[in-house]
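Chemist: Starting off with a structure, shown below.
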Amino acid sequence: MLALLWLVLVSDIFAQQSRFDEANSLLEQNKYRDAIELYKSIADDGYHSGALWLNMAVAYSQIDSLGVSKFYLMKAQTYKETKELANEGLEFVNERFSRRSAVLPPLPWDRFFQHLADRFGLWAITLYAILFLYLGVALIIGSWFRKDFRKLLTKSGYTMIGLAVILFLFAIIINYQQNRYGTGVMVERQGSVFQQPNEQSAVVSIAYEGYTLRVDFAESDGVENWKYVRLENGMFGWISENSLMIF
Amino acid sequence: MIGRTGLNGLKRLSGLLILILMAQNVAAQEFQLQATVSESRIFIGEQFTLDVEVTGSSMRDVGLPVISSIDGVRILSTTPSRSTSISIVNGRTTTSTTYSFNLIAREAGNFTIPPVRLSIDGEERTTNPINIEIMERGQLSEDGRRQRPDIYLEVSVDEMNPVPGQQIVASLNLFFRQGIEVTSFQPTAGWRTDGFWTEELQNVRQPQAETVIIDGVRYRTATLMSYALFPSRSGQLTLSEFPLNVGVRTQPSRNDPFGSFFGSGSNQRRVSLESEPVTLNVTPLPAVQNAVTMNAVGDLRVERRLSDSEIITGESIELITKIEGTGNIPLIRRPEFSLPDGLELYTPQESSNIERSGLTIRGEKTFTELMAARAPGTYIIPAERVAVFNPQSRQYRYITLPELRFEALPSENNQMAQVSLQTARLQPVTGLAVWRIDSAGSVFGSFWFWFLLLIPAGVFVVAYIKRKEVRRLETDIEFSRKYYAEDRAMEKCRLARTLVEKNDAKEIYGTLHEALFNFIADRLALPVAGLSDKELLERASVAGMPEPLREKSRIMLDKCATIRYAPTGSAADFRQDIIKAEALIAELKESI
Numbered sequence: 003m004l005a006l007l008w009l010v011l012v013s014d015i016f017a018q019q020s021r022f023d024e025a026n027s028l029l030e031q032n033k034y035r036d037a038i039e040l041y042k043s044i045a046d047d048g049y050h051s052g053a054l055w056l057n058m059a060v061a062y063s064q065i066d067s068l069g070v071s072k073f074y075l076m077k078a079q080t081y082k083e084t085k086e087l088a089n090e091g092l093e094f095v096n097e098r099f100s101r102r103s104a105v106l107p108p109l110p111w112d113r114f115f116q117h118l119a120d121r122f123g124l125w126a127i128t129l130y131a132i133l134f135l136y137l138g139v140a141l142i143i144g145s146w147f148r149k150d151f152r153k154l155l156t157k158s159g160y161t162m163i164g165l166a167v168i169l170f171l172f173a174i175i176i177n178y179q180q181n182r183y184g185t186g187v188m189v190e191r192q193g194s195v196f197q198q199p200n201e202q203s204a205v206v207s208i209a210y211e212g213y214t215l216r217v218d219f220a221e222s223d224g225v226e227n228w229k230y231v232r233l234e235n236g237m238f239g240w241i242s243e244n245s246l247m248i249f
Numbered sequence: 043m044i045g046r047t048g049l050n051g052l053k054r055l056s057g058l059l060i061l062i063l064m065a066q067n068v069a070a071q072e073f074q075l076q077a078t079v080s081e082s083r084i085f086i087g088e089q090f091t092l093d094v095e096v097t098g099s100s101m102r103d104v105g106l107p108v109i110s111s112i113d114g115v116r117i118l119s120t121t122p123s124r125s126t127s128i129s130i131v132n133g134r135t136t137t138s139t140t141y142s143f144n145l146i147a148r149e150a151g152n153f154t155i156p157p158v159r160l161s162i163d164g165e166e167r168t169t170n171p172i173n174i175e176i177m178e179r180g181q182l183s184e185d186g187r188r189q190r191p192d193i194y195l196e197v198s199v200d201e202m203n204p205v206p207g208q209q210i211v212a213s214l215n216l217f218f219r220q221g222i223e224v225t226s227f228q229p230t231a232g233w234r235t236d237g238f239w240t241e242e243l244q245n246v247r248q249p250q251a252e253t254v255i256i257d258g259v260r261y262r263t264a265t266l267m268s269y270a271l272f273p274s275r276s277g278q279l280t281l282s283e284f285p286l287n288v289g290v291r292t293q294p295s296r297n298d299p300f301g302s303f304f305g306s307g308s309n310q311r312r313v314s315l316e317s318e319p320v321t322l323n324v325t326p327l328p329a330v331q332n333a334v335t336m337n338a339v340g341d342l343r344v345e346r347r348l349s350d351s352e353i354i355t356g357e358s359i360e361l362i363t364k365i366e367g368t369g370n371i372p373l374i375r376r377p378e379f380s381l382p383d384g385l386e387l388y389t390p391q392e393s394s395n396i397e398r399s400g401l402t403i404r405g406e407k408t409f410t411e412l413m414a415a416r417a418p419g420t421y422i423i424p425a426e427r428v429a430v431f432n433p434q435s436r437q438y439r440y441i442t443l444p445e446l447r448f449e450a451l452p453s454e455n456n457q458m459a460q461v462s463l464q465t466a467r468l469q470p471v472t473g474l475a476v477w478r479i480d481s482a483g484s485v486f487g488s489f490w491f492w493f494l495l496l497i498p499a500g501v502f503v504v505a506y507i508k509r510k511e512v513r514r515l516e517t518d519i520e521f522s523r524k525y526y527a528e529d530r531a532m533e534k535c536r537l538a539r540t541l542v543e544k545n546d547a548k549e550i551y552g553t554l555h556e557a558l559f560n561f562i563a564d565r566l567a568l569p570v571a572g573l574s575d576k577e578l579l580e581r582a583s584v585a586g587m588p589e590p591l592r593e594k595s596r597i598m599l600d601k602c603a604t605i606r607y608a609p610t611g612s613a614a615d616f617r618q619d620i621i622k623a624e625a626l627i628a629e630l631k632e633s634i
């Protein structure tokens with residue numbers, strides 16, 4: 003049964019690889035739109051890879067959709083195997099945007115949790131937490147039956163459980179941040195950021211193509227066609243959903 | 043003697059007390075309550091007073107009057123002002139307390155002021171309702187003449203049909219009759235100018251009053267304040283009522299004999315006034331033809347220049363657009379000029395300097411576009427036509443801004459930047475990719491997370507139970523005996539098996555007897571020593587040992603005891619009995 007499942011999975015992956023190769027050859031023939039369609043169909047089937055996003059970014063950059071290209075490069079950046087290439091690509095694309103936003107550094111704790119998420123990932127932190135929890139429980143149980151090492155085992159056990167709790171807290175915060183916030187890239191030439199989710203309200207700022215925005219899903223929930231965003235310069239406001247691509 | 047005098051004095055004192063109490067009782071009923079208004083015919087926006095007066099010779103407790111809402115009238119404060127006067131006539135003291143409510147007329151028509159409630163000595167009293175008539179200003183009176191109040195406020199605008207962005211001046215004019223002197227004025231919050239950009243004009247001079255004749259009546263008028271208003275959209279826009287507090291001093295009538303007898307001979311008070319709303323019809327701006335628009339309306343000049351004609355590649359250069367003159371300076375938008383490719387644009391800046399003196403808004407506004415050339419070369423900013431609307435001629439004036447150019451010179455650093463830019467290209471990835479399948483759900487929603495989390499919880503519970511058991515074994519002897527009874531009994535049985543090889547029947551049955559006897563005693567927490575087999579089984583029966591097992595145990599114990607003293611039998615018999623003993627122990631374990 004397992005072998006059968008494995009066989010199905012492998013044949014599926016080979017099918018995606020063959021479509022990916024076909025799209026790459028379209029890209030080489032400068033048939034960018036056709037290549038994009040094929041790449042998109044792979045993604046729509048639920049398969050993804052750093053190479054897929056990177057090649058989509060290349061195709062979009064060729065049809066002068068730099069905002070979309072930046073969006074896919076940022077996605078490719080999250081994969082280990084394409085991180086370096088995506089960074090180079092981002093450098094190249096960013097140079098070609100006509101406007102750049104002033105950047106206000108994020109708050110230290112935001113940076114800390116972002117670093118943890120990038121460096122280890124949510125799953126790894128959670129697994130470390132579970133591992134420390136196991137160790138802690140084993141040491142505490144050991145202290146009940148080994149009177150000769152009771153003090154040492156108890157102290158070590160509680161330390162491990164403490165570490166596990168801290169790691170669980172980190173995981174919960176990272177999970178909350180990942181669920182609440184998303185990264186948006188401005189894909190239209192320019193768009194106004196309003197104080198309220200309607201075009202009659204005061205304009206807070208203008209966002210230009212390629213601007214990276216932090217999208218607040220919780221705040222935007224229930225407001226159709228608008229997203230509540232934080233610009234890189236620290237300003238907040240509402241922007242039309244159509245101006246952004248979000249991941 | 044002393045007693046009679048005291049008795050007479052007591053009688054007199056009692057009579058006096060009765061008289062005082064009777065007088066008080068009569069006086070308690072003697073009070074007057076009445077409500078009056080300062081004017082029964084009032085103009086819209088005019089302030090008037092509702093007085094509630096309580097007069098009496100002896101009132102101990104008078105509560106604050108309570109007024110309910112009045113149609114067509116706004117109550118300025120529900121807490122009235124209070125004044126009290128005391129007069130003594132022929133030795134009789136009369137107290138008069140007046141509570142005054144300030145009201146302002148809002149709608150034309152006939153209205154009724156409902157009864158005012160107040161409590162006097164714990165009893166609730168009400169005044170009579172009062173009818174009032176509120177008229178529009180300039181409304182014809184019964185004799186056919188227009189009636190105007192003694193003092194009123196008016197907002198006048200110099201243009202009733204402006205275009206968006208055109209400056210209009212709204213003046214606040216106060217009209218008051220001869221004999222009224224205005225000592226101060228204070229605008230209050232509440233003037234709404236929705237759809238307008240409003241700037242208060244700074245008036246250097248004090249307001250000057252001049253005389254005018256309105257509908258045959260001599261009035262004095264003064265312009266108190268002026269505002270510059272800029273409509274921000276077309277359509278019907280309304281300036282709401284302007285609220286103003288005015289301090290006035292009125293001269294007493296010549297016929298009033300007390301007019302100058304007490305005090306200075308004048309009556310000073312504060313009145314609240316409101317102007318009538320003003321509606322303007324803002325007509326839309328005509329369409330612009332082939333020109334850059336920036337919402338400029340007025341007598342404005344526009345010029346444009348570059349901060350430098352030559353820069354190093356990568357350094358910034360400024361494109362400065364300056365608009366100056368008289369007009370809607372605050373509302374002018376940044377002009378969107380066409381710029382050549384290859385320029386990096388940064389967030390534009392704007393600054394303005396506005397003068398609000400006189401009756402016009404004038405000043406200048408500067409937009410600075412920050413740019414940087416990415417590559418060396420000549421950059422040309424093409425000529426542009428900008429449109430400025432002239433409200434006098436009601437058409438656009440087009441200003442042509444000449445072409446501008448600048449040279450970007452190469453720099454060493456920039457060359458390096460260019461090289462790195464060229465090397466940093468977007469390269470597609472070909473070949474075998476690492477594929478992943480979309481995983482739905484978060485860590486905390488997955489089965490494995492909760493499963494892994496439950497494992498230590500389960501282990502913890504099991505370990506805790508074991509720990510409890512170990513502790514009990516260490517401290518509870520009965521429990522320990524019961525717990526280890528089977529182990530010990532089986533140990534004895536194993537020993538008996540080893541003795542079979544030696545064919546020592548006495549030892550074998552002795553050991554088996556000990557195994558069974560001790561097992562029953564341990565399980566039932568009975569003493570091992572000092573009990574016969576019979577006594578043991580009786581105690582076991584009391585403790586709940588089933589009869590068949592008791593019988594089996596008895597037979598086995600008897601057999602062991604008998605053969606111990608008359609050892610006979612083969613090794614096979616011994617093994618058979620050991621097996622029986624083991625089976626009996628296992629059976630007993632289930633029952634006791």
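Protein sequences, first through last, are from chains V and X. Count the first sequence with the numbering used here and you get residues 3 to 249, in order. Count the second sequence with the numbering used here and you get residues 43 to 634, in order. The C-beta atom is built at its ideal place from N, Cα and C for all residues, glycine as well.
1) Cα-Cα, which of E392/X, D564/X, A563/X, T540/X is closest to T553/X?
2) CA-CA distance, L92/X and A77/X?
3) In or out: L216/X buried (at least 16 other Cβ within 10 Å) or exposed?
4) Near F134/V, which residues of its chain fall below 6 Å by C-beta distance, leaving aside the five closest residues on each side in sequence?
5) For N32/V, is the classification buried or exposed, using 16 other Cβ atoms within 10 angstroms of its Cβ as the cut-off for buried?
6) Measure the C-alpha to C-alpha separation of Y194/X and N173/X and round it to an integer number of angstroms.
7) In or out: F16/V buried (at least 16 other Cβ within 10 Å) or exposed?
8) Mapping the DSSP letters down to three states, classify G239/V as helix, strand or coil.
9) Across the segment 80–98 of chain V and the segment 53–61 of chain V, are there enough close Cβ pairs to call them in contact, namely three or more that are closer than 8 Å?
10) Using the Cβ count rule (16 or more neighbours within 10 Å means buried), how would you classify H50/V?
11) Could you say which of A209/V, Y41/V, W240/V lies nearest to E234/V if we only look at CA atoms?
12) Note down, in chain order, every chain V residue with its Cβ under 9 Å from the Cβ of F502/X.
13) Since T389/X is in the alpha helix (DSSP H), which residue starts that stretch and which ends it?
14) Would you report the Cα separation of T136/X and T126/X, rounded to the nearest angstrom?
15) Could you work out which residues of chain V lie near Q469/X, taking near to mean beta carbons separated by less than 7 Å?
16) When the Cα of L40/V is compared with those of G48/V, A25/V, A131/V, E93/V, which residue comes out closest?
17) My understanding is that M202/X touches N323/X, with C-beta atoms under 8 Å, so please give their C-beta distance in whole angstroms.
18) Should G611/X and A557/X be called a contact, given that it needs their Cβ atoms to be closer than 8 Å?
19) Out of V259/X, E632/X, I621/X, F272/X, state which residue places its alpha-carbon closest to the alpha-carbon of R404/X.
20) Does S612/X come out as helix, strand or coil in the three-state DSSP assignment?
21) Where do the N-terminal and C-terminal ends of the alpha helix (DSSP H) with D257/X fall, by residue?
22) Give the interface partners of L495/X over in chain V, defined as CB-CB distance under 8 Å, in chain order.
23) For K622/X, collect the residues of the same chain with a Cβ closer than 6 Å to its Cβ; drop the 5 residues on either side in sequence, then sort them by chain order.
24) So, under 8 Å CB-CB, F115/V and I176/V are touching, yes? Tell me the CB distance rounded to an integer number of Å.
25) Establish whether the CB of P418/X and some CB of chain V are separated by less than 8 Å.
26) By Cβ distance below 6 Å, which residues in the same chain neighbour Y551/X in space, the five residues on each side in sequence not counted?
27) For E520/X, count neighbouring Cβ atoms within 10 angstroms of its own Cβ and tell me buried if that reaches 16, exposed if not.
28) For a contact defined as C-beta to C-beta under 8 Å, what are the partners of Y49/V on chain X?
29) Given that R113/V touches chain X, what residues does it touch there, using C-beta distances under 8 Å?
30) Say the cut is 7 Å; is the CB of E580/X nearer than that to a heavy atom of the ligand HEM?
31) Rounded to whole angstroms, what's the CA-CA distance from P249/X to S207/V? Just pull it up for me.
32) Would you please verify whether the beta carbon of F22/V is less than 8 Å from any beta carbon of chain X?
33) From the DSSP secondary-structure annotation, give me the bridge partner or partners of I422/X.
34) Identify which residue in I44/V, Q198/V, L29/V has its Cα closest to the Cα of A37/V.
35) Work out the CA separation of A531/X and W492/X for me, nearest whole Å.
36) Can you tell me where the beta strand (DSSP E) with L92/X in it begins and where it stops?
Modeler: Once the coordinates are examined:
1) Answer by Cα proximity: T540/X.
2) Between the C-alpha atoms of L92/X and A77/X there is a straight-line separation of about 7 Å.
3) With a threshold of 16 other beta carbon atoms within 10 Å, L216/X meets it and is buried.
4) Closer than 6 Å at the Cβ level, and outside the excluded window around F134/V, lie M162, L165, A166.
5) It counts as exposed.
6) Spanning the alpha carbons of Y194/X and N173/X requires a straight line of approximately 23 Å.
7) F16/V should be labelled exposed.
8) Residue state, collapsed to three classes: strand.
9) The segment 80–98 of chain V makes contact with the segment 53–61 of chain V, as at least three CB pairs between them are under 8 Å.
10) The residue in question, H50/V, is buried, as its Cβ has 16 or more Cβ neighbours within 10 Å.
11) Nearest option by C-alpha distance: A209/V.
12) The answer, in chain order, is V139, I142, I143.
13) The continuous stretches of alpha helix (DSSP H) do not include T389/X, and DSSP gives it neither H nor E.
14) Between the alpha carbons of T136/X and T126/X lies a gap of roughly 11 Å.
15) Within chain V, the residues near Q469/X are L87.
16) Comparing Cα positions, the closest option is A25/V.
17) Yes, they are in contact, since the Cβ atoms of M202/X and N323/X sit about 7 Å apart, within 8 Å.
18) The answer is no: Cβ separation not under 8 Å.
19) When each option's Cα is compared against that of R404/X, the closest is F272/X.
20) Correct three-state label for S612/X: coil.
21) Premise fails: D257/X is in no alpha helix (DSSP H) and is neither H nor E.
22) In chain order: I132, L135.
23) Result list for K622/X: empty, nothing under 6 Å.
24) I176/V and F115/V do touch by the CB rule: their CB atoms are close to 5 Å apart, below 8 Å.
25) With 8 Å as the cut-off, P418/X does not count as an interface residue toward chain V.
26) So the qualifying residues of the chain are C602, I605, R606.
27) Burial state of E520/X is exposed, judged by a 10 Å Cβ sphere holding fewer than 16 other Cβ atoms.
28) Simply W477, R478, I479, D480.
29) Those do not exist, as R113/V stays about 22 Å from chain X at its closest Cβ, beyond 8 Å.
30) Summarising the ligand content, the structure contains no ligands, and the ligand HEM is consequently not present.
31) Near 43 Å, if we compare the C-alpha coordinates of S207/V and P249/X.
32) It does; some Cβ of chain X falls within 8 Å.
33) Beta-bridge partners assigned by DSSP to I422/X: R447/X.
34) With distances taken between CA atoms, A37/V lies nearest to L29/V out of I44/V, Q198/V, L29/V.
35) It is roughly 45 Å from the alpha-carbon of W492/X to the alpha-carbon of A531/X.
36) Looking at the DSSP string, the run of the beta strand (DSSP E) that includes L92/X is 89–98.
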